[in-house]
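J.: Numbering (this note's numbering), first residue to last: 17 to 84.
No residue lacks a Cβ here, since even glycine has one placed at the ideal position from N, Cα and C.
Everything numeric in this text was worked out from a predicted model, so none of it was measured.
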Amino acid sequence: MKKKMIKCPTCEKEFNYYSSESRPFCTDRCKMIDLGHWFEESYSVPSETPVDDLEGHARNEGSNGQEE
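#1: Could you give the distance in angstroms between the alpha-carbon of Arg45 and the alpha-carbon of Met17?
#2: Does the count of Cβ pairs from the stretch 42-61 and the stretch 20-28 closer than 8 Å reach three?
#3: For Cys42 and Glu56, I'd like the C-alpha separation in whole angstroms.
#4: One question on the structure: do Tyr34 and Pro40 come within less than 9 Å of each other, judged by their Cβ atoms?
#5: Which first and last residues belong to the beta strand (DSSP E) in which Phe31 is found?
#6: Could you check where the beta strand (DSSP E) with Met17 kicks off and where it finishes?
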């Protein structure tokens with residue numbers, strides 16, 4: 017078996033990447049903790065366009081997807 021030691025992004029425990037079925041996490045518990053952060057919106061993906069601008073753009077689109 018290959019061996020590649022990495023740190024779990026959740027608990028920072030070092031483990032063999034190839035021996036975990038929960039990659040890139042060390043356990044299912046750490047995987048679920050991370051998923052919970054996404055559901056709670058603790059994490060976000062950066063955007064250069066403010067959310068308000070995106071919502072306004074969606075209202076201005078016609079039925080064919082083109083701006084009116």
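T.: Considering the structure as presented:
#1: Along the sequence shown, one-based indexing puts residue 45 at 29. Along the sequence shown, one-based indexing puts residue 17 at 1. Spanning the two alpha carbons is a distance of roughly 24 Å.
#2: yes
#3: Taking the first residue of the sequence shown as position 1, residue 42 is located at position 26. Taking the first residue of the sequence shown as position 1, residue 56 is located at position 40. Rounded to whole angstroms, Cys42 to Glu56 spans 22 Å at the Cα level.
#4: Your numbering for residue 34 matches position 18 in the sequence shown. Your numbering for residue 40 matches position 24 in the sequence shown. No, the pair does not count as a contact, with Cβ atoms beyond the cut-off.
#5: Against the sequence shown, residue 31 aligns to sequence position 15. Its beta strand (DSSP E) spans residues Glu30 to Asn32.
#6: To locate residue 17, count along the sequence shown from 1; it is residue 1. Unbroken run through Met17: none, as it is neither H nor E.
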